[in-house]
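Trainee:
Chains as they are written, first to last, in the working numbering: chain A, 1 to 416; chain V, 417 to 561.
Laid out in structure tokens, this is it:
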């Protein structure tokens, strides 16, 4: 099958009301019949009906194990599963479907790289280069690797606006791998991953891009970015939880040792010796998350039917509305003011704890996140322990933003 | 007042608060009344793990009752702490261990009772009970020595 599953879709004009109508959960209320205002999409996005239907359809019509049994259902399930792989490959513009490995999520994808490629190639004295804005999922797996092999971690600093300061990057020696996020989950900053990957490639440094936050907002074209690995989670892309993707350049994947042992990932097994299967199943031991792959493919097809440019415009309008509204609150400071950012607004209010704001806006039906956002080193850079964070998705409306502003104003009034 | 009598008093107090705004404003006011926390105890050792806000809880035991000093950098958490202190402070380990915080639900703040890691109340209560269990063990060892 050609890798054109997505390009053939028709592009629908963007209308937030039409989008919202496809998300059943957005119709519910919380507490005393307050309409839910969901502004925590960076933690996880809600699911459109077509994704929910894909899961139900899989279990009511096609459920069977993949790659194993010799019967009609198993063939159907295997075709659906491998179609899912092709859909993801096409979505990321990978060279071939075998470059797509299914994982539980971004976290497992990064652990997989650190434990296989990392363990094979990173040696004593080598440097793993990260940025100060990495999520713990792109720090801890590398720390565990470094401890094991005697390598060390260096970081690219973040300036006051939340932009990477790359001035001193050439002074860092012995870099084996650069692992960085495409978009910051706390600041919303879009990093110039293309330039950084190009810099890395010219020095023989392998690149890992954490696409968890970027994937539902900006184009992730792995060939254009020029990265060696790219990881994302299904649940932040309107798909289900428990399914994620690791893209890896085929030549690198092919030379990598297995990750976990078990069924599927083998060619032959005897008690004396086991030979391993080819990429990608070498990295997919055991029965995979079949309905997760099927529903993720449904989410990608749905998402790809929208024009990313129109989405970005909508999001920038919401960002401006939020920043303008918040700026009228005395003592409020937005954390993350990079010129290029997605719809994430982190803020702190002088003399008021983010947890208190979170609790009081929640009581008004507005769901935001408060805390360190799995970004403790970044929080330290800003001298903070937590922020309040509102994050947008395709279904976020101006009304949602206005509710946030009203709720935040009221919370601050009550707390002062 | 016994712990149960205190709980009833708190429940009655909150019955007077009709709206969620009133309940939270009352919580905030209660928190502001918490005694000043001794700075010497504001250390990692006395920090309650698993809270969104920073929470400090310092226990001491006079052989009969446990005495707590508590503080938080967040206003609502501090209010919840103040309520917990009214119920659990200056009690015997047995009283602390036998008293469940069901009143939190009765007073309409059940959203703070979940095991969600962002909510401090569960962690604070766990810590209070852990200290009580430890002091009960200490008291028993003392009695049998």
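We put the CB at the ideal spot given by N, CA and C, even for glycine.
Predicted model, so just to flag it, every value in this text is computed and none were measured.
May I ask you to list, following chain order, the residues of the segment 480-495 of chain V that have a beta carbon less than 8 Å from some beta carbon of chain A?
Mentor: Result list: 489, 490, 491, 492 and 493.
Trainee: Would residue 331 (chain A) pass as an interface residue toward chain V - the criterion being a Cβ-Cβ separation below 9 Å?
Mentor: Taking Cβ atoms only, chain V never reaches closer than 9 Å to residue 331 (chain A), which makes this a no.
Trainee: Using DSSP with H/G/I as helix, E/B as strand and the rest coil, what is residue 551 (chain V)?
Mentor: Looking at residue 551 (chain V) - three-state DSSP - the assignment turns out to be helix.
Trainee: What residue from A:397, A:63 and A:401 has the CA that sits closest to residue 389 (chain A)'s CA?
Mentor: Of A:397, A:63 and A:401, the residue nearest in Cα terms is A:401.
Trainee: Residue 3 (chain A) to residue 96 (chain A), Cα distance in whole Å?
Mentor: Low confidence applies to residue 3 (chain A): its pLDDT is 47, below 50, so where it sits in the model is not reliable, and the reading given next is rough at best. About 8 Å.
Trainee: Tell me, which residues are paired with residue 154 (chain A) by DSSP?
Mentor: Per DSSP, A:129.
Trainee: Determine whether the Cβ of residue 433 (chain V) lies closer than 9 Å to any Cβ atom of chain A.
Mentor: No, because no Cβ of chain A sits closer than 9 Å to the Cβ of residue 433 (chain V).
Trainee: Can you tell me which residues form a DSSP beta bridge with residue 245 (chain A)?
Mentor: According to DSSP, residue 245 (chain A) bridges with A:102 and A:232.
Trainee: So which residues on chain V does residue 443 (chain A) lean against when the C-beta distance must stay under 8 Å?
Mentor: With chain A covering 1 to 416 only, the question about residue 443 (chain A) has no answer from this structure.
Trainee: In chain order, what residues of the same chain have a beta carbon less than 8 Å from the beta carbon of residue 334 (chain A), not counting five sequence neighbours either side?
Mentor: Around residue 334 (chain A): 323, 326, 327, 345, 346 and 347.
Trainee: Counting only Cβ pairs nearer than 9 Å, list the residues of chain V close to residue 385 (chain A).
Mentor: Chain V residues near residue 385 (chain A): 469, 470 and 489.
Trainee: State yes or no: is the beta carbon of residue 105 (chain A) nearer than 9 Å to at least one beta carbon in chain V?
Mentor: Output row for residue 105 (chain A): interface = no.
Trainee: Determine, using beta carbons only, whether residue 536 (chain V) comes closer than 9 Å to chain A.
Mentor: Taking Cβ atoms only, chain A reaches closer than 9 Å to residue 536 (chain V), which makes this a yes.
Trainee: For the ligand NAD, I want to know if residue 391 (chain A) counts as a neighbour, meaning its beta carbon is within less than 8 Å of at least one of the ligand's heavy atoms.
Mentor: No copy of the ligand NAD appears in this structure; indeed no ligand is present at all.
Trainee: Could you tell me which of A:294, A:86 and A:313 sits nearest to residue 398 (chain A), measuring between CA atoms?
Mentor: It is A:313 whose Cα lies nearest to the Cα of residue 398 (chain A).
Trainee: Where do the ends of the alpha helix (DSSP H) carrying residue 18 (chain A) lie?
Mentor: Start and end: 16-21.
Trainee: Closer than 9 Å, CB to CB, is residue 353 (chain A) near chain V or not?
Mentor: Closer than 9 Å: yes.
Trainee: Measure the CB-CB distance between residue 152 (chain A) and residue 177 (chain A) and report whether it falls below 9 Å.
Mentor: No.
Trainee: Step through the CB atoms of chain V and report whether any lies within less than 9 Å of the CB of residue 220 (chain A).
Mentor: No, because no Cβ of chain V sits closer than 9 Å to the Cβ of residue 220 (chain A).
Trainee: Is the beta carbon of residue 342 (chain A) sitting closer than 9 Å to the one on residue 188 (chain A)?
Mentor: Closer than 9 Å, so yes.
Trainee: Which one of A:86, A:195, A:62 and A:85 has the shortest CA to CA distance from residue 75 (chain A)?
Mentor: The shortest Cα separation from residue 75 (chain A) among A:86, A:195, A:62 and A:85 belongs to A:62.
Trainee: Where residue 91 (chain A) and residue 221 (chain A) are concerned, what is the direct C-alpha to C-alpha distance, given to the nearest angstrom?
Mentor: In a straight line, the C-alpha of residue 91 (chain A) is about 8 Å away from that of residue 221 (chain A).
Trainee: Does the contact criterion of 3 or more C-beta pairs under 8 Å hold for the segment 273-280 of chain A versus the segment 116-135 of chain A?
Mentor: They do not touch, by the three-pair rule.
Trainee: To the nearest angstrom, report how far apart residue 282 (chain A) and residue 168 (chain A) are at their CA atoms.
Mentor: Straight-line Cα distance between these residues: approximately 39 Å.
Trainee: Do residue 207 (chain A) and residue 224 (chain A) count as a contact pair if the criterion is CB distance below 9 Å?
Mentor: No, the Cβ-Cβ distance between residue 224 (chain A) and residue 207 (chain A) is not below 9 Å.
Trainee: Does chain A have any CB closer than 9 Å to the CB of residue 527 (chain V)?
Mentor: So yes, residue 527 (chain V) belongs to the interface.
Trainee: Am I right that residue 297 (chain A) and residue 87 (chain A) are in contact with their C-beta atoms under 8 Å? What's the rounded C-beta distance?
Mentor: The Cβ separation is near 4 Å, so the contact holds.
Trainee: In whole angstroms, give me the CA-to-CA distance for residue 304 (chain A) and residue 53 (chain A).
Mentor: Going from the Cα of residue 304 (chain A) to the Cα of residue 53 (chain A) covers about 18 Å.
Trainee: Measuring alpha carbon to alpha carbon, tell me which of V:503, V:490, V:482 and V:541 ends up nearest residue 385 (chain A).
Mentor: The residue with the shortest Cα to Cα distance from residue 385 (chain A) is V:490.
Trainee: Under 8 Å Cβ to Cβ from residue 558 (chain V), same chain only, skipping five residues before and after it: list those, please.
Mentor: Excluding residues within five positions, the ones whose Cβ falls inside 8 Å are 479.
Trainee: Give me whichever residues DSSP pairs with residue 483 (chain V) in a beta bridge.
Mentor: DSSP lists V:476 as partners of residue 483 (chain V).
Trainee: Tell me whether residue 123 (chain A) sits in a helix, a strand or coil according to DSSP, three-state version.
Mentor: Residue 123 (chain A): coil per DSSP, three-state reduction.
Trainee: Can you tell me which residues form a DSSP beta bridge with residue 179 (chain A)?
Mentor: A:208, per the DSSP bridge assignment.
Trainee: Would you decide whether residue 233 (chain A) is buried or exposed? Buried here means 16 or more other CB atoms lie within 10 Å of its CB.
Mentor: Flag for residue 233 (chain A) reads buried.
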